[in-house]
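Read the structure below first, then the notes.
In the working numbering, the protein residues as written are 1 to 378.
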């Protein structure tokens, strides 16, 4: 069976003000972490080799490219040598501008990495500073040039809207710049204020100037319409691609596929079991790659949970979900389980039924959170 692989590198130079991911500054701990991670890679490689092939890989964080090139190469090489990776596998490494070195890119090419996801967020340096980014726009330009000069052209860039004090003109400038650089993939996210972040604390104190909901929607409408004009295909609520270069690893998540999660705090989903690795750094190191010591939580995904996730993850994609696949997966008609919400949203023009598929309308995308909640079963 073809599965996915996620590997977590928790280190960052500094934490952005909106970030609630498991990440922290590297303090000389990179080598001991990589040593423990390679042991985990080797263990899972022995476990799944011959049973599963890897169709998509994602090295995320944190910022994987804050690792010195020789250490990141150790991780990539261990993955390549210990798993059966499909010839046409998509292999993404996440990065931030200014952290990619030529030696990183050489390691990418040697080991089979064929996609890079760069976090930019905005093209205005004052915006980057006020959200806690430590790079400037020029660093992003240099990173793009470095990757392209080495023949790596499958590049995603993340951008954000509804940032504090962000104007519509600034957002439009960011979007237009991405189009001008002819990126094959763009992800655009609205700022979410998360508890425990710098912005979360400022919001609680009443010192964070947030964008109103109407402006947030206007910004989303702009990026949606402008990227369509520029030849991009929107395939998910926050993602656009050219030439069919959708992020296959993310599609695996939205289609409820199986994947291994390796590294500190990583989670995976295999054989109807969702598991979480420890988030305690020292515990991760002392486990020496043994899953029995690494995994702190296991959850059996019941048919009820699986149905709910199939609906609200699948409906994130603009192609929506397959009615036939629902029956094949669960042995029951989707209308037997969800007739009431489906009929309600179809009547309101929020959900569209076309042949085998159910998907959100343009209006439905704007109301997606309300739609998703309606598919939670009692």
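The beta-carbon is built from N, C-alpha and C at its ideal position, and this holds for glycine as well.
query	result
Within the chosen definition, does the stretch 233-241 reach the stretch 317-337 through at least 3 CB pairs nearer than 8 Å?	yes
So, for residue 84: in the same chain, excluding its five sequence neighbours on each side, which residues have a beta-carbon less than 7 Å away from its beta-carbon?	49, 53, 54
Curious, which full-length beta strand (DSSP E) runs of at least 3 residues does the stretch 128-168 contain?	155-161
Comparing alpha-carbon positions, which option in 110, 131, 111, 113 lies nearest residue 120?	131
Classify residue 107 as helix, strand or coil using the three-state DSSP reduction.	helix
Buried or exposed: where does residue 314 fall if 16 or more other Cβ atoms within 10 Å of its Cβ makes it buried?	buried
Contact defined as beta carbons within less than 8 Å: I believe residue 216 pairs with residue 162. What is the distance between those atoms, to the nearest angstrom?	4 Å
In whole angstroms, what separates the C-alpha of residue 378 from that of residue 255?	23 Å
Is the separation between the beta-carbon of residue 157 and that of residue 208 shorter than 8 Å?	no
My guess is that residue 77 and residue 289 are in contact by the Cβ rule of under 8 Å, so how many angstroms apart are they, rounded?	The Cβ separation is near 16 Å, so there is no contact.
Checking the sheet assignment: what are the DSSP bridge partners for residue 2?	53
Work out the CA separation of residue 146 and residue 101 for me, nearest whole Å.	8 Å
Does DSSP put residue 298 in a helix, a strand or coil?	strand
Please classify residue 25 as buried or exposed, where buried requires at least 16 other C-beta atoms within 10 Å of its C-beta.	exposed
On the DSSP bridge list, what partners appear for residue 12?	25
Does the distance from the CB of residue 8 to the CB of residue 266 come in under 8 Å?	yes
If you draw a straight line from the alpha carbon of residue 238 to that of residue 167, how long is it in whole angstroms?	20 Å
Does the separation of the CB atoms of residue 272 and residue 296 fall below 8 Å?	no
Could you pull the DSSP bridge partners for residue 359 from this structure?	352
Whole angstroms are fine: how far does the CA of residue 202 sit from the CA of residue 34?	35 Å
Give me the Cβ distance between residue 184 and residue 230, rounded to the nearest whole Å; I'm assuming they're in contact under 8 Å.	Rounded, the Cβ-Cβ distance is 12 Å, inconsistent with contact.
Does DSSP put residue 121 in a helix, in a strand, or in coil?	strand
With DSSP collapsed to three states, give me the class of residue 389.	Residue numbering for the chain in the displayed model covers 1 to 378; residue 389 lies beyond these limits and cannot be assessed.
Kindly list the residues whose CB is nearer than 6 Å to the CB of residue 171, restricted to its own chain and excluding five residues on each side of it in sequence; keep chain order.	161, 219
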